[in-house]
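Residue numbers (my numbering), protein chains in the order written: chain A, 272 to 810; chain B, 3 to 457. Think of the CB as a built atom: it goes at the ideal place given N, C-alpha and C, for glycine as much as any other residue. What you are looking at is a predicted structure, and each value in this text was computed from that prediction instead of being measured.
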Amino acid sequence: MSNFSADIIVVGSGPSAVHAAYPLVESGRSVLMLDVGYRDTTYESLVPKQPFTQIRRTDPYQHRYFLGDQFEGISLDPLGAAPQITPPRQYVVRNTQIMTPVESRSFQAVESFAKGGLGGAWGAVAFPFLDNELVNAGLVPGELRPHYEVVARRVGISGCQDDLEPLRGVIQPLLPALEIDRNAEMILSRYERRREEFQREGVYMGRPLMATLSQPLGEREAQPYHDMDFWSNRGRSVYNPDTTVKELERHENFSYRNGRLVESFREEQEGVNVRAKSLARDEPEVFTARRLILAAGALGTGRIALRSLGKYDVPVPLTCNMHMYVPCLHYRSLGKSPKDRCHSLAQLTIIYDPSGDRDHLVQAQLYSCRSLLLYKLLKESPLPFRESLRAMRSLLASMVVFVIQFEDYQTPGNTCTLRRGENAGQDYLHIDYEPSGESARRAKKGVKALRRFMRRLGCLPLRSVEPGCGSSVHYASLLPISGEEKPLTTEPSGRLRGTRQVYIADGAALAYLPAKGLTLTLMANANRVGQNIVKDLAR
Amino acid sequence: MDMASDKYILVTGAAGFIGKPTVRHLLRRGWSVKAMVRASRPLPFSPQERLQVVYADLCDPGSLVNALKDVGVVVHLAAAKADEKWSTDVNVGGARRLVDACRRAGCARIINISSQSAKTARKGIYARTKREADLVFENSGLRVTTLLPSVVYGEEKSGVFGTVLKFVSKLPIVPVLGDGKWISAPVYAEDVAEAICLCIERDQTIGKSYDIGGPDLVTFDDFVDRIAAHQGLKRPKLHIPFGIAVMAAKVLVAILPKSPVTVSNVLGSNQNTNINTGPAIADLGFHPLDFDCGLRKVLGETELTQAVDGPGRKEEQYPAPADADLSAECLVFTRYLIDQAPPKELVDRYIAASRVLVPEEESGKQGAELRFVRRHPLALPFLDAAAGILKRKSLLRRKLLLMTAILEATPAYAGFFLSEPSHPFVLACGLIWQGFRSAIKVVLGIPVFWIAQKP
């Protein structure tokens, strides 16, 4: 069958795509990765390898990456969806709304065409799901566990074993835990002193598992502790899937072609035709392969599958973790000088188990917000700017933000539909999404309880910011894994039901989202799907 | 519906805000109407054929039985609207007495007008008694249709609409109870009257309840802004936090004989009820006016043309600011924020950023505060302070924020933005001092803010 472009075509280059491709490349199969693949290092290359405060005091060009050449980093409106999408990271979400439009009244959908996908701007918090969570998501715990280990070894996860383990899940190959900043040290030690009391009420705290290196791994450097993680990742300490693309490119049987927007597929007697648009020449191209893996991000994958199967105007489920920011004043650290040596990513994880049965968990990450700049905080203050500036400056080092996450189940009203556009050949995704009464109630209770614990930990909650549906950028369940023979679902093996040669390897397949970051699980599941295809092809 | 032609429709609360248009609509559609009013109220109708005025009181069962003679349908609008001690007796007791009287008089059909607030989780007296009354009707065994209108507005300026209208036209700053994000579907009183008539005429509405609202969902802030815009006005809003508003309402109700706001008002205008007018549209064929058309009818024709041409506001046009204006502004802002004059490079950056990020200024819409500061730079600290409380999103505040962001990303000024370790006591004193300064500036700033609003 030499007339195939490759044995396997993988769509996308994000966390799911690269780990689905990995076992296939290792097994010697030829793999072609099709991707739009934006990469823009203009700003990142300007950032000196120095700590945050030193840069702030010395670098005359800092306005270019802090504010952006077109001032795209400044938002004068109230706190938006993603303050962590700073100018150096904005390429990650560039152009998606133009090329793949999404329409919704209530849902902000974020997609990525970047090389490395949304993995180019993620928070790097790695969560293995618990067994019950995996089952709800449609996965088999015993089957997935080994894949967690494989992926963890590839990605490099730093962390340690602590109180969180029973609620967070375990993975073995750990690099030592990262250092944490002054606020986090104080809060953690306060928790540790009153541990029994907290645990009795279902609150567990510890260090997050982070996909950033505490020790060098391969060509990647260890975390530099410059507190610049939202602006620069030059040593590649924080895992970005584009590193894995680079690694795969060393194999002759792997090729990466960017500038391709995959539109649809068609199954033939033998093999799959994949229709893509070449963005450079603005014309269609057709590729062929024995198997196709869709890993374009949950929404992208859903769009391609629905379009290919002609399922216009058919609503499919959509889940999305609701999340909330609670900025707090950690008053016990007031006046203390912050450590200059720290990273800006999540410092601590809190898991709250309201019912004591590991079900319906609520999870929060603690961040210090110094490196996101002071003016973003001033925006929220009603004081006159002059006084506000002087007051907030002395509070900034003691300001922490809890980012609280909630689980999401498939609900009848929350759907995503592919609709035909006004012009022939154009279409768009329409999203109806509103948190159900039940989950909103549970979330409200969870936040209330967590705010109480925050106060006991010495953090005064200032307000609760709900950035709106969709802003967690954790989307899933468009083509959920199901044991039943239902159309538009994914078989437990990862194959798209009703097809013979098309596999779903990203969030679209997860049937449920626990209150945890999903990226590590996506990568582990993708690796599993990749290996299933290796076995399938060997047959 | 089939009703003997000699039967009447009884409208309770006929002298009210919705009652009057309802009586008018019913008469126009050829029904005979009994308008029930309390003896204490002046007669609101001119005598005409097919209209009979009956004096009765919901608290007097005897008068009800009399009123219900020859009645085939009751439209129940009467209610105690403020949180009064007799609310339970009028709203719940009245419902019971009405149901009893209906049974005795052999009238089986009731159109019960309730309120969206009956759907809220946390209820004041009004909402609670209306909910209880709804249950009385639903469990009466009679042929009941319940309507749950959202905010109703009309020629007679009453209810939430009347209060907001009064505030907007009389006060320079409009107090808004809560965060202003509460969503309602304002509906024209005439449309509610129409919906009532449609219910009477369609038997498939029996045993159902319907949300009644206009086609536009508007936030409370938007509601205030649009009413102001229709009068050619623009009013800053003062958001009173929910907790404080509840307390204030309790105090006002306790000390004033007729308080302008009640606890029910505060609760009702802070809890969303997910108004769904779909069933009413489907079953009644009900097509209410949109909010702007309705307001035009109620408040007159003239102002709307001006109001629709900005984002719902009357706004004068000014030429786009010249570079010289912006660089003068940059100088004033920098002096104010950090007591220094900015280098040329920073001024240029500020001008470029203004042009990109504040496009409304380019198109000639400028905030009154910003224009005032251009003319009177010394007023800046005070206007900033007042705008921080009264108009957080004003152009002045947005441009000050922009200036701050630019200063922050400049190494020479890093010291103003990075914290220094200090003793907690010194720090606390500093905070108190800044808070004190802010408070003084707000007090002095509010009159300046007022003056700046004047053209």
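* Report the rounded CA-to-CA distance for Val718 (chain A) versus His601 (chain A), giving the unit in angstroms. => The residue given as residue 718 (chain A) occupies position 447 in the first sequence. The residue given as residue 601 (chain A) occupies position 330 in the first sequence. Rounded to whole angstroms, Val718 (chain A) to His601 (chain A) spans 18 Å at the Cα level.
* Burial state of Cys431 (chain B), where buried means 16 or more other Cβ atoms lie within 10 Å -> For the purposes of this step, residue 431 (chain B) is taken as residue 429 along the second sequence, with counting starting at 1. Cys431 (chain B) should be labelled exposed.
* Let me know the secondary structure DSSP gives Asn529 (chain A) once reduced to three states. => For the purposes of this step, residue 529 (chain A) is taken as the residue at position 258 of the first sequence. Coil at Asn529 (chain A), not helix or strand.
* To do: Tell me whether Leu767 (chain A) counts as near the ligand ADP, meaning its Cβ is closer than 8 Å to at least one heavy atom of that ligand.
  => In the structure on display, the ligand ADP does not appear, and there are no ligands present to speak of.
* To do: Please list the partners that Gln341 (chain A) has in chain B, where partner means a Cβ-to-Cβ separation under 7 Å.
  => Taking the first residue of the first sequence as position 1, residue 341 (chain A) is located at position 70. Result: Val358.
* Asked: Does the Cβ of Thr307 (chain B) have 16 or more other Cβ atoms within 10 Å, making it buried, or fewer, making it exposed?
  -> Here residue 307 (chain B) refers to the residue found at position 305 of the second sequence. Confidence is the limiting factor: at Thr307 (chain B) the pLDDT is only 39, short of 50, which leaves the residue's position unreliable and the question unanswerable from this model.
* Asked: When Cβ atoms are compared, which residues of the segment 409-422 of chain B fall closer than 7 Å to chain A?
  -> Glu410, Ala411, Thr412, Pro413, Ala416, Phe418, Phe419, Leu420, Ser421
* **Check whether Tyr510 (chain A) and Ala395 (chain A) have beta carbons under 9 Å apart** => For the purposes of this step, residue 510 (chain A) is taken as the residue at position 239 of the first sequence. For the purposes of this step, residue 395 (chain A) is taken as the residue at position 124 of the first sequence. In contact: Tyr510 (chain A) and Ala395 (chain A) (Cβ atoms closer than 9 Å).
* Thinking C-beta only, is Gly571 (chain A) closer than 9 Å to Thr371 (chain A)? -> Working through the first sequence from its first residue, we reach residue 371 (chain A) at position 100. Working through the first sequence from its first residue, we reach residue 571 (chain A) at position 300. It is a contact, given that the beta carbons lie within the stated cut-off.
* Segments assigned beta strand (DSSP E), at least 3 residues, entirely inside the segment 144-230 of chain B -> 145-151, 176-179, 211-214
* Asked: If you draw a straight line from the C-alpha of Ile20 (chain B) to the C-alpha of Leu235 (chain B), how long is it?
  -> Start at 1 with the first residue of the second sequence, and residue 20 (chain B) comes out as number 18. Start at 1 with the first residue of the second sequence, and residue 235 (chain B) comes out as number 233. So the alpha carbons of these two residues sit roughly 27 Å apart.
* **Proximal residues of chain B, C-beta to C-beta of Lys610 (chain A) below 7 Å** => In the first sequence, the residue the question calls residue 610 (chain A) occupies position 339. Chain B residues near Lys610 (chain A): none, gap ~11 Å exceeds 7 Å.
* To do: Could you work out which residues of chain B lie near Pro732 (chain A), taking near to mean beta carbons separated by less than 7 Å?
  => Counting from 1 along the first sequence, the entry for residue 732 (chain A) is found at position 461. What Pro732 (chain A) touches in chain B: nothing, since even the nearest Cβ is about 15 Å away.
* **Whole runs of the beta strand (DSSP E) within the segment 516-569 of chain A, excluding any shorter than 3 residues** => 525-528, 531-538, 543-549, 554-565
* Kindly say whether Phe337 (chain A), judged by its beta-carbon, lies nearer than 9 Å to any beta-carbon of chain B. => On the first sequence, position 66 is the one that residue 337 (chain A) refers to. Closer than 9 Å to some Cβ of chain B, the Cβ of Phe337 (chain A) qualifies, so yes.
* Spell out the partners DSSP gives Ile113 (chain B) in its beta bridges. => As a working mapping, residue 113 (chain B) is identified with position 111 in the second sequence. Its beta-bridge partners are B:Val77, B:Thr147.
* Asked: Cβ of Arg394 (chain B) less than 9 Å from any chain A Cβ?
  -> Within the second sequence, residue 394 (chain B) is the residue found at index 392, counting from 1. Chain A, which has a Cβ nearer than 9 Å to the Cβ of Arg394 (chain B), makes this yes.
* Closest by C-alpha distance to Glu678 (chain A), when choosing among A:Arg376, A:Phe469, A:Pro706 -> Reading the first sequence from its first residue, position 407 is the one you call residue 678 (chain A). Looking at the Cα atoms, A:Pro706 is the closest of the given residues.
* To do: Measuring only between beta-carbons, confirm whether Tyr500 (chain B) sits less than 9 Å from chain A.
  => Residue 500 (chain B) lies beyond the range of chain B shown here (3 to 457); nothing can be said about it.
* Asked: Got a sec, what are the start and stop residues for the alpha helix (DSSP H) Met481 (chain A) sits in?
  -> Reading the first sequence from its first residue, position 210 is the one you call residue 481 (chain A). Here Met481 (chain A) belongs to no alpha helix (DSSP H), and DSSP marks it neither H nor E.
* **With 16 other Cβ atoms within 10 Å as the buried cut-off, status of Arg424 (chain A)** => What you label residue 424 (chain A) is simply residue 153 of the first sequence in a count that begins at 1. Result: exposed.
* Asked: Whose Cβ in chain B lies nearer than 7 Å to the Cβ of Arg328 (chain A)?
  -> For the purposes of this step, residue 328 (chain A) is taken as the residue at position 57 of the first sequence. Simply Pro413, Ala416.
* Report the option in B:Ala187, B:Phe418, B:Leu137, B:Ala58 whose CA atom is closest to the CA atom of Gly296 (chain B). => Within the second sequence, residue 296 (chain B) is the residue found at index 294, counting from 1. It is B:Ala187 whose Cα lies nearest to the Cα of Gly296 (chain B).
* Return helix, strand or coil for Glu374 (chain A), following the three-state DSSP convention. => Sequence index remark: in the first sequence, residue 374 (chain A) carries index 103 (1-based). Glu374 (chain A) falls in the strand class under three-state DSSP.
* Taking C-alpha atoms, which residue in A:Gln443, A:Gln540, A:Tyr638, A:Ala711 lies nearest to Cys740 (chain A)? -> As a working mapping, residue 740 (chain A) is identified with position 469 in the first sequence. Answer by Cα proximity: A:Ala711.
* Asked: Arg726 (chain A) versus chain B: which residues are under 8 Å apart at the beta carbon?
  -> If you number the first sequence from 1, residue 726 (chain A) lands on position 455. Simply none; closest approach about 17 Å.
* Asked: Any residues in the segment 304-335 of chain A with a beta carbon nearer than 7 Å to a beta carbon of chain B? Which ones, in chain order?
  -> Thr324, Arg327, Arg328, Thr329, Asp330, Pro331, Gln333, His334
* Under a CB-based cut-off of 9 Å, is Gly164 (chain B) close to chain A? -> Mapped onto the second sequence, residue 164 (chain B) falls at position 162. Closer than 9 Å: no.
* For Lys386 (chain A), the three-state DSSP class (helix, strand or coil) -> In the first sequence, residue 386 (chain A) corresponds to position 115, counting from 1. Here Lys386 (chain A) sits in coil by DSSP.
* Residue burial classification, Thr313 (chain A) (beta-carbon count within 10 angstroms, cutoff 16) -> Start at 1 with the first residue of the first sequence, and residue 313 (chain A) comes out as number 42. Thr313 (chain A) comes out exposed.
* Cβ of Ala187 (chain B) within 9 Å of any chain A Cβ -> Within the second sequence, numbered from 1, the residue matching residue 187 (chain B) stands at position 185. No - not a single Cβ of chain A is within 9 Å of the one on Ala187 (chain B).
* To do: Using a Cβ-Cβ cut-off of less than 9 Å, give me the residues of the segment 784-796 of chain A that come near chain B, in sequence order.
  => none
* Using only alpha-carbon positions, find the residue among A:Asp584, A:Pro417, A:Ala779 that is nearest to Gln443 (chain A). => Position 172 of the first sequence, counting from 1, holds the residue named residue 443 (chain A). Comparing Cα positions, the closest option is A:Pro417.
* Asked: Which residues, taken in chain order from the segment 665-684 of chain A, show a beta carbon closer than 9 Å to some beta carbon of chain B?
  -> Ser665, Leu666, Leu667, Ala668, Ser669
* To do: With 9 Å as the threshold, decide whether the Cβ of Thr406 (chain B) is near any Cβ in chain A.
  => As a first step, residue 406 (chain B) is located in the second sequence; it is residue number 404 there, counting from the start. By this cut-off, Thr406 (chain B) is an interface position.
* Below 8 Å CB to CB, which residues in the same chain sit around Phe501 (chain A) once its five sequence neighbours on both sides are set aside? => The residue given as residue 501 (chain A) occupies position 230 in the first sequence. If we look at Phe501 (chain A) and ignore the five residues flanking it on each side, its Cβ neighbours are Gln355, Thr357, Arg360, Ser615, Ser642, Leu643.
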